[in-house]
Amino acid sequence: MGKVIVVTSGKGGVGKTTSTAALGAALAQNGDKVVVVDFDVGLRNLDLVMGAERRVVYDLINVIQGEAKLAQALIRDKRLQSLYLLPASQTRDKDKLTAEGVEKVITALKSAFDWVICDSPAGIERGATLAMRHADAAIVVTNPEVSSVRDSDRIIGLLDSKTVKAEAGERVEKHLLLNRYDPNRAASGDMLNVDDVLEILSIPLLGIIPESPNILRASNIGSPVTLCDASSTTAQAYFNAARRLAGEAVPVTVPGERRSFFEKIFGRKAA
Amino acid sequence: MTRVLTGTTQAIRLKGRSFLAIVLSPELPLGDWLERFDALASRSAGYFLKRPVMLDVTGMEIDGATLRDLVTRLADRNVRIMGIEGAGETELGPDLPPAMSGGLPASGIDGLEEAGTASGEGTAPAMAPALMVTEPVRSGQALVSDGDITIIGSVASGAEVIAGGSVHVYGTLRGRVMAGSGGDGRARIFCRRLEAELVAIAGYYQTSEDLDPGLHGQPVQLWLEGESILAQRFN
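Protein chains in written order, with my numbering: chain A, 665 to 935; chain B, 78 to 312.
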């Protein structure tokens, strides 16, 4: 049985889609079977970021409506054999996304893949709640600024109340992915620093992705940064986040700082 | 075994449930009272929006026409009255909200009404069980309890905690806290770090702008003395 992950944030433009693509590609490079699912009906973007926009025939809504089989809608990545995309519909009404339909698709994907990564739309409406509905774990993408942090906090509250796991009295694992972090601006006080964000959200840190021009370039050429620029610090940060997601203990380093985050916390021995 | 005559297995489910409502107790002359109400409402814009509000006219010399006029004038101020307590049957026409009775003073939010009328000591509420929360209260969540509330974790910006008794926050208080919501002026608010958007005790409230900037980020307790909220930093 695979693991269902939702990539969510509440706020738009913080890097959910880019992170979905980068983490999906990073996990697939270990040989795991990965599918990335776009839940943003009407404003789909994951196909562009994955470079598969010209190969979309059927989409999630077609599968839910029974107009196509799941296997027909899945697009296999040209670069990575074990990476697949299930695109969202750009033209259909988002009300066609039904709770029963989503459940059926997720159950089917779970049995065929090691990782099912759901790219949530922004907001807390239907698309976002359905994307998180069946998640085993959530990656909360947050930028180091107050509005993004508050929206993430709201989403964490929903993850703890509106998911199948929460309703069954279990817990959805939650991970914080701090995106677009600029150590210089954090040091000068323009941005919230890592400790501030962690203190407010109080969920474990999956990784810190530095602000970088590589990301924009990667999106524009339609390739996840972990594929097209694997040696960059951004890609390395995603690779490390993917390893942590898989359960490996990799120390978190704050970009621009020599000492790791954990060394900073546990660096001094008490007298 | 239940059998329904229509032959369907779907029965209609009726359940009793109690809710917290704000009770407004108008005073004569109504013109003056509405003026005071407006002054209060302007200081906390949107407070009455979407909140269930009751009207208590017990002991008031008020006839049907005046009552109807009052409900209309409150409606103009976006205050929707869901029920009226203490009015005779002759005054309550079918176009007015239904009569209510048997309300428990301990479980009502007297809320801002207390501040407006400055009626002094609130009624002592019956002891209610304390609520213990061991997780952070997230933005958009609201915790409501008739008794004390203890939170081991932070209260986020945009979260709301409403307690009949005192509120203890072992974390950072960033959201809104209302202690003594049933009018208990002895209720207090304690927190390890004060960054609250709003604090209220027994209906008297202060926004973060009114709070002493020197207390920001400090471990603080807040209590009510007379009509003002006092604060003290813990050392």
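Glycine is no exception: its CB is placed at the ideal position from the N, C-alpha and C atoms.
- Under the 10 Å beta carbon count, Gln-218 of chain B is surrounded by 16 or more other beta carbons and is classified as buried.
- Taking 8 Å as the threshold, the shortest C-beta distance from Arg-797 of chain A to chain B does not fall below it.
- In this structure, the CA atom of Thr-681 of chain A is about 24 Å from the CA atom of Ser-216 of chain B.
- If you draw a straight line from the Cα of Ala-906 of chain A to the Cα of Asp-800 of chain A, it is about 16 Å long.
- At a cut-off of 8 Å, the C-beta of Ala-233 of chain B has a neighbouring C-beta in chain A.
- In this chain, the alpha helix (DSSP H) harbouring Met-796 of chain A covers 790-797.
- DSSP places Pro-874 of chain A in the strand class (E or B) of the three-state scheme.
- For Tyr-124 of chain B, there is no enclosing beta strand (DSSP E), as DSSP marks it with neither H nor E.
- Contact residues of the segment 797-819 of chain A toward chain B are Val-810, Val-813, Arg-814, Asp-815, Ser-816, Asp-817, Arg-818 and Ile-819 (C-beta to C-beta distance below 9 Å).
- Within the model, the alpha-carbon separation for Asn-807 of chain A versus Glu-863 of chain A is close to 14 Å.
- Below the 7 Å Cβ cutoff, chain B contributes Arg-215, Ser-216, Gly-217 and Gln-218 as neighbours of Gly-821 of chain A, in chain order.
- Just measuring C-alpha positions, the residue of A:Lys-768, A:Ala-910 and A:Tyr-902 sitting nearest Pro-919 of chain A is A:Tyr-902.
- Note on geometry: alpha-carbon atoms of Asp-289 of chain B and Tyr-282 of chain B lie some 14 Å from one another.
- When only Cα atoms are considered, Gly-260 of chain B and Glu-304 of chain B end up about 12 Å apart.
- Under the 8 Å Cβ criterion, the segment 96-108 of chain B counts as touching the segment 126-134 of chain B, having at least three qualifying pairs.
- Listed along the chain, the chain B residues whose CB falls inside 9 Å of the CB of Ser-866 of chain A are Glu-212, Pro-213, Gly-230, Ser-231 and Gly-248.
- For Ala-689 of chain A, the three-state secondary structure derived from DSSP is helix.
- Here Asp-859 of chain A is not bridged, per DSSP, to any residue.
- Taking 8 Å as the cut-off, the beta carbon of Leu-891 of chain A is found closer than this to the beta carbon of Arg-743 of chain A.
- With contacts defined by Cβ atoms closer than 8 Å, Val-805 of chain A and Gly-679 of chain A form a contacting pair.
- Ranked by Cα distance from Glu-764 of chain A, the first of A:Ala-690, A:Leu-749 and A:Arg-797 is A:Arg-797.
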